[in-house]
Amino acid sequence: MSDAQSTRAALARNERKGLKTGTANINAPRWRNALFIAPYMVFFVTLLVLPMLWNIWLSLHRADAFSIGRFIGIGNYDRLLNDAIFLKAVWNTFYFVLLSVPPLALIGLGLALALNRQTRTAAALRTFYFSSSVLSVTIVTLIWRIVFIGQFGLLATIYGWFDATPPAFLSDPDLVMIGIAIATVWWCIGLPMMLYLSALQQIPKEIYEAAALDNAGRWRTLRYITLPSIKRTVILVVIIQIVMQFQLFGQAKLMTNGGPNNESLPIVFYIYQMAFTRWDIGLGAAASEVLFVMILIAAMVQFMVSRKKGDAQ
Amino acid sequence: MSSFGLSKKNTLGDRLIIGSVIVLALVMIAPVIWVIGLSLKDNSELMANMNSVFHGPYTLANYFHIFGSSSVFRWVLNSVIVSGSVTIGILVLTSLAGYGFARLNFPFRNTIFIIVLLGLAIPEQAVLIARHQIFSEIGLHNTYYALILPGLSAPFGVFLMTQFFRAIPKEYDEAALLDNASRFKIFWKVLLPLTLPAQATLGIFTFLLAWNDYFWPLITATRKEMYTLTVGIASSQTNFAQSEGLGFLMAQAVFASAPILIVYLFFQKYIVTAVSGSAEK
Chain C
1 MSDAQSTRAA LARNERKGLK TGTANINAPR WRNALFIAPY MVFFVTLLVL
51 PMLWNIWLSL HRADAFSIGR FIGIGNYDRL LNDAIFLKAV WNTFYFVLLS
101 VPPLALIGLG LALALNRQTR TAAALRTFYF SSSVLSVTIV TLIWRIVFIG
151 QFGLLATIYG WFDATPPAFL SDPDLVMIGI AIATVWWCIG LPMMLYLSAL
201 QQIPKEIYEA AALDNAGRWR TLRYITLPSI KRTVILVVII QIVMQFQLFG
251 QAKLMTNGGP NNESLPIVFY IYQMAFTRWD IGLGAAASEV LFVMILIAAM
301 VQFMVSRKKG DAQ
Chain W
1 MSSFGLSKKN TLGDRLIIGS VIVLALVMIA PVIWVIGLSL KDNSELMANM
51 NSVFHGPYTL ANYFHIFGSS SVFRWVLNSV IVSGSVTIGI LVLTSLAGYG
101 FARLNFPFRN TIFIIVLLGL AIPEQAVLIA RHQIFSEIGL HNTYYALILP
151 GLSAPFGVFL MTQFFRAIPK EYDEAALLDN ASRFKIFWKV LLPLTLPAQA
201 TLGIFTFLLA WNDYFWPLIT ATRKEMYTLT VGIASSQTNF AQSEGLGFLM
251 AQAVFASAPI LIVYLFFQKY IVTAVSGSAE K
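For the record, the sequence lines run as chains C and W.
For the first sequence, the numbering used here gives the first residue as 1, with consecutive numbering after it.
For the second sequence, the numbering used here gives the first residue as 1, with consecutive numbering after it.
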């Protein structure tokens, strides 16, 4: 069929349906077009939106494993505020973010700057540094427990050569969070590095050429060209990491089980304990709403930062 | 290209930088070598002296032991079924939705799209308890359905695929429309082949996340034979301190990490694209 013929056929078809001709009506809103999004929307509504609303509803009830119980308004939130363990969990979570995010943001930046070059060694090292991120939390914690564990750990063995006692990263109340943070940085360092690398590659080469003509040295180029160009990415990396590390769960559960004495119990672990080991569903739901609000605030900051122009991207 | 500028020379500074990155890499891989070392040792020898790791005799006995008595095969199979199904499901659902949002008009399209985008901000923990109750209600815990279906609700793929469909020039569909092709035919024959790189990126990303998911499988799969690899390996760590099977545990961990590391090495190009794509969010 020639182009002219097919055009005429399409127009005729539209006329038969009593529609105006021209390209505008192709884009007129039609319900049948929504069929393309319908399959996804079924899952979106039933397994994301409804559970989210249901969770809020649960948080307002004295719910347990068997029934939703009676409506108690903000009763569960009140219980949370008076629960020393919950407050401790909130504190622990912030402390963990403080311990893990700065090293992730800084080491990630250092690696990206060092490996932003087109050599085979650099490519291999990039692949290497991201590889730990594909391991599951179970494997990562297994590896780090066998490093930290008292008797047969790598750390104990190395310290043993010097007849010294290693720091007890799995049992000393002052050190458990640091131990978990070390394992976490080891696990998560790949993502910040990759995010920085993709920002670095978007800096126009002409700027560097101009700097080279001006005989600007390595550090001056870094300070006055590279870093200002990726300023927005640095902020994004920090916020993404805050949101991710806020959700600490697997490492704390598997490395220290929250102990000793709840010193390494983060909010998500508290939610898990309340909802799935004590079956105090209402309280667990309320705690998860608190976490939701905290993450929402960080997500809003992220949205505003990514909207702001001014970076090289 | 040097690290901070454009100089072509491989200066002393460059060599120092790469050198220190290599040293850090060695420090980072030391724990892994330690684990592999332990996995190659006889348990009784380890119990007597940990320093025996540094010399022979080494043995593959712990690995053969996996083939004999471990549930690890069942868990690998479960993880393959779950991650594979989530990946295929997500690709199908989000490609259709991405095309719908990017190219077609229907009532409330923009409002619905914004609601889906807002879904990106919902953390898993804010829906887990209610999801658990829903699956209790319909009696689906300890099934593949329970392990797979929640993964299909993630909005990130819709966002990504919509962006990709928008980036394809409209002339492609307009030419096909004039040829009387149906909307589905345009999607299937004309546009979908153009999104293959995006499919690969989203696919590998989804697969990795599903493979490593921990919280949801932990609460929905309570029977040993329905564990995914992540939960299964965690469950066998409990009698860790007795070190009865230290070498065996380590062999199991090495064996369990191998599939995902192989997938990573094969698809790393797409992972890089996925990561840099998500930065633009």
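By construction, the Cβ of each residue, glycine as well, lies at the ideal position given by its N, Cα and C atoms.
query, result
"Proximity below 8 angstroms, CB of ALA105/C to CB of GLN241/C", "yes"
"Own chain, CB closer than 6 angstroms to LEU218/W, minus 5 neighbours either side, in chain order", "VAL231"
"Uninterrupted beta strand (DSSP E) stretches inside the segment 21 to 45 of chain W (no shorter than 3 residues)", "none"
"Residue from TYR208/C, MET177/C, TRP161/C, TRP57/C whose Cα sits closest to the Cα of PHE54/W", "TRP161/C"
"Within chain C, the residues that THR94/W reaches when beta carbons sit closer than 8 angstroms", "TYR40"
"Pair within 8 angstroms by beta-carbon distance, VAL116/W and PRO259/W", "no"
"ILE281/C and LEU58/C closer than 8 angstroms at C-beta", "yes"
"Candidates ALA167/W, TYR270/W, ALA97/W, VAL82/W, of which the one nearest ILE148/W by Cα", "VAL82/W"
"Cut-off 6 angstroms between Cβ atoms - residues of its own chain near ALA282/W, not counting five sequence neighbours on either side", "In this structure chain W extends from 1 to 281, so residue 282/W is not present and cannot be described."
"Cβ shell of GLY69/C (< 6 angstroms), same chain only, five flanking positions each side left out", "HIS61, ARG62, ALA63"
"Cβ of PRO31/W within 8 angstroms of any chain C Cβ", "yes"
"Where HIS61/C falls: helix, strand or coil (DSSP)", "strand"
"Partners in chain C for ALA97/W, counting only beta-carbon separations shorter than 7 angstroms", "PHE36, ILE37, TYR40"
"For MET161/W and LEU194/W, the rounded distance between their alpha carbons", "12 angstroms"
"Chain-ordered neighbours of GLY13/W on chain C, where CB pairs are closer than 8 angstroms", "ARG218"
"Nearest-angstrom Cα separation, counted from LEU209/W out to ILE203/C", "30 angstroms"
"Contact check, PHE165/W vs ILE37/C, beta carbons under 8 angstroms", "no"
"Outcome for GLY22/C when other beta-carbon atoms lying within 10 angstroms are tallied against a minimum of 16", "Model confidence at GLY22/C stands at a pLDDT of 46, short of 50, so the residue's coordinates are unreliable and nothing is read from them."
"One or two residues paired with PHE71/C in a DSSP bridge", "HIS61/C"
"C-beta atoms of ASN212/W and VAL137/C nearer than 8 angstroms", "yes"
"8 angstroms Cβ cutoff met for PHE169/C and ILE158/C", "no"
"Integer-rounded CB distance, given that SER79/W should sit under 8 angstroms from LEU202/W", "That pair is no contact at about 19 angstroms."
"C-beta neighbour in chain C for GLN237/W, strict 8 angstroms", "yes"
"Which of helix, strand or coil DSSP assigns to GLU124/W", "coil"
"For VAL35/W and GLN254/W, believed in contact at Cβ under 8 angstroms, the rounded distance", "At residue 254/W the sequence reads Val, which differs from the Gln that was named. Contact holds; Cβ gap of about 7 angstroms."
"Candidates VAL49/C, ARG278/C, PRO29/C: closest to LEU152/W by CA position", "VAL49/C"
"Where SER288/C meets chain W, residues with beta-carbon distance less than 9 angstroms", "PRO123, GLN125, ALA126, VAL127, LEU128, ILE129"
"Alpha helix (DSSP H) segment containing PHE36/C, residue limits", "Element bounds for PHE36/C: n/a, residue is neither H nor E."
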